[in-house]
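Protein sequences appear in the order of chains A and B. Note that the working numbering has the first sequence beginning at 2, numbered continuously upward. Note that the working numbering has the second sequence beginning at 2, numbered continuously upward. Down below is the structure, laid out as structure tokens.
2 protein chains.
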Amino acid sequence: MHIEKLVEQIKKKKSFLCVGLDVDIDKIPTHLKDLEDPIFEFNKAIIEATQSYAVAYKPNIAFYEAYGIQGWKSLEKTIQYVNKHYPEIFTIADAKRGDIGNTSTRYAKAFLESMNFDSITIAPYMGKDSVEPFLAFENKHAILLALTSNEGASDFQFSEKEEKQLFEQVIETSQTWKNAERLMYVVGATKATHFKKIRAIAPHQFLLVPGVGAQGGSLQEVCRFGLTKDIGLLINSSRGIIYASNQKDFAEKAGLKAKELQEEMATYL
Amino acid sequence: MHIEKLVEQIKKKKSFLCVGLDVDIDKIPTHLKDLEDPIFEFNKAIIEATQSYAVAYKPNIAFYEAYGIQGWKSLEKTIQYVNKHYPEIFTIADAKRGDIGNTSTRYAKAFLESMNFDSITIAPYMGKDSVEPFLAFENKHAILLALTSNEGASDFQFSEKEEKQLFEQVIETSQTWKNAERLMYVVGATKATHFKKIRAIAPHQFLLVPGVGAQGGSLQEVCRFGLTKDIGLLINSSRGIIYASNQKDFAEKAGLKAKELQEEMATYL
């Protein structure tokens with residue numbers, strides 16, 4: 002998807018909400034468990050209930066990989082469903098891949114070509130030639146981990162070199178790579194004060210922000226420092242939406258949660 | 002697998018060779034392509050031909066993921082085949098995963114429990130809580146990226162903080178994590194001089210060394226600085242072995258290449 006289409010959709014829906022599809026079979030309503038593919042059925046219902054309020058869906062690949070071949074089937078059906086019924090919605094494979102060039106090319110093809118996701122999250126540790134293969138596809142995007150919202154973020158991401166912390170180095174350096182205009186960054190919302198620093202070095206890029214809600218980040222704070230004239234933010238919520246209820250009304254409740262977030266977002270636009 | 006079993010096998014075989022199973026369907030002999038599962042048949046033949054000279058097998062997960070569900074089937078059959086016929090051989094899922102805690106737990110279960118690999122390679126960028134879930138399994142190991150052998154390694158891995166480069170910080174810090182005795186590290190062989198530095202901070206840990214051969218590293222140099230009294234090295238070779246021939250004699254030629262490397266290794270033990 003071209004970035005303009007994403008911006009267009011954000012403006013139309015007055016939303017920059019991404020719904021994280023981290024589906025744990027132990028947490029979905031019991032009445033779905035007898036169906037042939039409970040995870041897909043769950044996703045389908047969540048997508049139907051939230052699609053007017055969300056501009057992106059982000060399956061967390063680990064949750065599918067954990068179920069082996071059946072999990073991959075559920076994932077493929079989910080992405081096909083979104084691409085078929087809601088082609089205007091941006092899709093993110095939250096896979097955090099990254100390896101030497103020829104290997105990254107394989108991952109890139111799997112997610113961006115065969116499965117036809119619009120984007121994939123990438124780990125930066127191995128540098129340029131591990132990331133560039135994900136940038137080689139027109140209208141596709143690599144979302145590079147910069148500053149994450151977990152506790153372990155403090156282990157290495159703040160290491161300094163010439164007064165620049167590692168997450169800043171990652172953002173700066175990656176902008177010199179081939180097709181860098183297809184890059185976005187993961188920036189954890191629990192560190193809203195860092196958005197100012199990041200916008201100084203990445204003034205226009207889209208930032209994918211996990212950690213609003215359950216992980217304690219403030220949407221208002223993130224918007225204050227992170228919004229650009231083309232919005233430039235995708236705010237992810239997973240558990241807060243998809244597990245709003247584990248009863249028969251799960252989809253309805255998920256829709257209400259998504260609507261609530263969309264309405265708050267509209268006030269910041 | 003307990004580390005002692007690995008050491009025992011290394012001493013018995015006089016080899017610390019790991020064979021990388023990076024199987025590209027375009028590179029395997031044409032006579033295999035009409036079989037039901039060409040990738041598995043290729044792996045089976047390679048394993049049979051090299052198992053007396055190798056102590057570890059390392060499927061590169063990207064190569065399987067690239068073929069979707071069929072690829073996962075080939076991967077599962079391959080690991081089951083090794084575990085059934087050669088349970089003494091150490092297995093490595095070269096997956097380079099890493100995510101927030103609950104997500105890493107999913108990846109860990111998929112590879113270390115469901116598929117029953119002995120170990121998995123992990124990216125360190127997200128820190129402690131992204132790695133510890135992989136260390137929670139008895140007799141299983143997480144192999145953390147420290148210094149990689151690709152060009153992009155220079156982008157971030159040498160960033161300095163208080164005179165320590167990032168790859169040194171990764172090794173030092175990770176040793177304070179829970180169950181750190183189950184850690185190993187990826188150290189690229191093209192940087193043999195760095196082995197001295199690494200052995201100063203990780204004197205006993207096993208190092209998985211890619212990049213000998215095709216990528217230009219010298220086995221002798223690596224052994225000079227990397228060997229410990231319990232060996233402490235696994236040297237990976239992928240393309241140099243598995244694509245030694247693309248004719249009907251591919252397995253035989255792979256066996257000869259593996260034997261050659263094993264014989265060189267024996268001289269350093």
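Glycine included, each C-beta is placed from N, C-alpha and C at the ideal position. Everything numeric in this text was worked out from a predicted model, so none of it was measured.
If we ignore side chains and look at the alpha-carbon of each, how far apart do residue i and residue j end up?
i: S262 of chain B; j: V132 of chain B; result: Sequence check: residue 262 of chain B is Leu here, not Ser. Those two C-alpha atoms are separated by around 32 Å.
i: W178 of chain B; j: Y186 of chain B; result: 14 Å
i: I80 of chain B; j: L257 of chain A; result: 45 Å
i: Y87 of chain B; j: Q10 of chain B; result: 11 Å
i: A259 of chain B; j: F91 of chain B; result: 16 Å
i: S75 of chain B; j: N247 of chain B; result: 19 Å
i: M106 of chain A; j: L22 of chain A; result: In the sequence as displayed, the identity of residue 106 of chain A is Thr instead of Met. If you take the alpha carbons of T106 of chain A and L22 of chain A, they lie about 25 Å apart.
i: N140 of chain A; j: A57 of chain A; result: 15 Å
i: V20 of chain A; j: K45 of chain A; result: 13 Å
i: Y244 of chain A; j: M266 of chain B; result: 54 Å
i: S175 of chain A; j: K197 of chain A; result: 19 Å
i: E222 of chain B; j: Y54 of chain B; result: 21 Å
i: G72 of chain B; j: G69 of chain A; result: 11 Å
Any Cβ of chain B within less than 8 Å of the Cβ of residue i?
i: N61 of chain A; result: yes
i: A255 of chain A; result: no
i: Y108 of chain A; result: yes
i: T79 of chain A; result: no
i: K85 of chain A; result: no
i: T229 of chain A; result: no
i: T268 of chain A; result: no
i: T194 of chain A; result: no
i: K45 of chain A; result: no
i: K179 of chain A; result: no
Might you give, ordered along the chain, the residues of its own chain that have their beta carbon closer than 8 Å to the beta carbon of residue i, omitting 5 neighbours on each side?
i: E49 of chain A; result: A252
i: G102 of chain A; result: D130, S131, E133, P134
Using a C-beta cutoff of 8 Å, does residue i count as contacting chain A?
i: P134 of chain B; result: no
i: T92 of chain B; result: no
i: F64 of chain B; result: yes
i: L262 of chain B; result: no
i: K14 of chain B; result: no
i: L167 of chain B; result: yes
i: A252 of chain B; result: no
i: K97 of chain B; result: yes
Can you list the residues of chain B that residue i reaches, using a CB-CB cut of under 7 Å?
i: Q170 of chain A; result: F157, S160
i: S238 of chain A; result: Residues of chain B passing the Cβ test: none, with the nearest at roughly 14 Å.
i: Y82 of chain A; result: Within chain B, no residue comes near Y82 of chain A; the closest Cβ sits about 16 Å away, beyond 7 Å.
i: L154 of chain A; result: Reading the sequence as shown, one finds Ala at residue 154 of chain A and not Leu. M127, G128, listed in chain order.
i: K28 of chain A; result: Simply none; closest approach about 11 Å.
Counting only Cβ pairs nearer than 8 Å, list the residues of chain A close to residue i.
i: N151 of chain B; result: I101, G102, M127, G128, D130, S131
i: T174 of chain B; result: D156, F157
Among residues of its own chain, excluding the 5 on either side of residue i, which ones have a beta-carbon nearer than 6 Å to its beta-carbon?
i: C224 of chain A; result: Y269
i: E42 of chain B; result: L33, L36
i: K6 of chain B; result: none
i: D38 of chain A; result: S75
Applying a beta-carbon distance threshold of less than 8 Å, which residues of chain B neighbour residue i?
i: I232 of chain A; result: Within chain B, no residue comes near I232 of chain A; the closest Cβ sits about 25 Å away, beyond 8 Å.
i: L146 of chain A; result: Y126, M127
Run through chain A and tell me which residues come within less than 7 Å of residue i, C-beta to C-beta.
i: S115 of chain B; result: G69
Suppose the cutoff is 7 Å on Cβ atoms and the five residues either side in sequence are ignored; what does the same chain contact list for residue i look like?
i: L299 of chain B; result: Summary: the structure shown does not reach residue 299 of chain B, with chain B confined to residues 2 through 270, and so no result is reported for it.
i: E77 of chain B; result: M116
i: L228 of chain B; result: L234, Y269
In chain B, which residues lie less than 9 Å from residue i when you measure between Cβ atoms?
i: K74 of chain A; result: I70
i: T51 of chain A; result: Going along chain B, no residue has its Cβ under 9 Å from T51 of chain A, so there is no contact; the nearest lies around 21 Å.
Check whether the Cβ of residue i lies closer than 8 Å to any Cβ atom in chain C.
i: A143 of chain B; result: The chain inventory of the structure shown lacks chain C, comprising the protein chains A and B.
Listing by chain order, which chain A residues have their CB less than 9 Å from the CB of residue i?
i: A111 of chain B; result: A63, E66, A67, Y68, G69, G72
Q.
Quick test of the definition: if touching needs 3 or more C-beta pairs under 8 Å, does the stretch 56-64 of chain B touch the stretch 106-121 of chain A?
A. yes
(Q) Whether or not the stretch 115-130 of chain B and the stretch 83-99 of chain B are in contact is what I'm after, with contact meaning three or more pairs of Cβ atoms, one per stretch, closer than 8 Å; do they touch? (A) yes
Q: Assess, as a yes-or-no matter, whether the stretch 151-167 of chain B is touched by the stretch 170-184 of chain A under the definition of 3 or more beta carbon pairs within less than 8 Å.
A: yes
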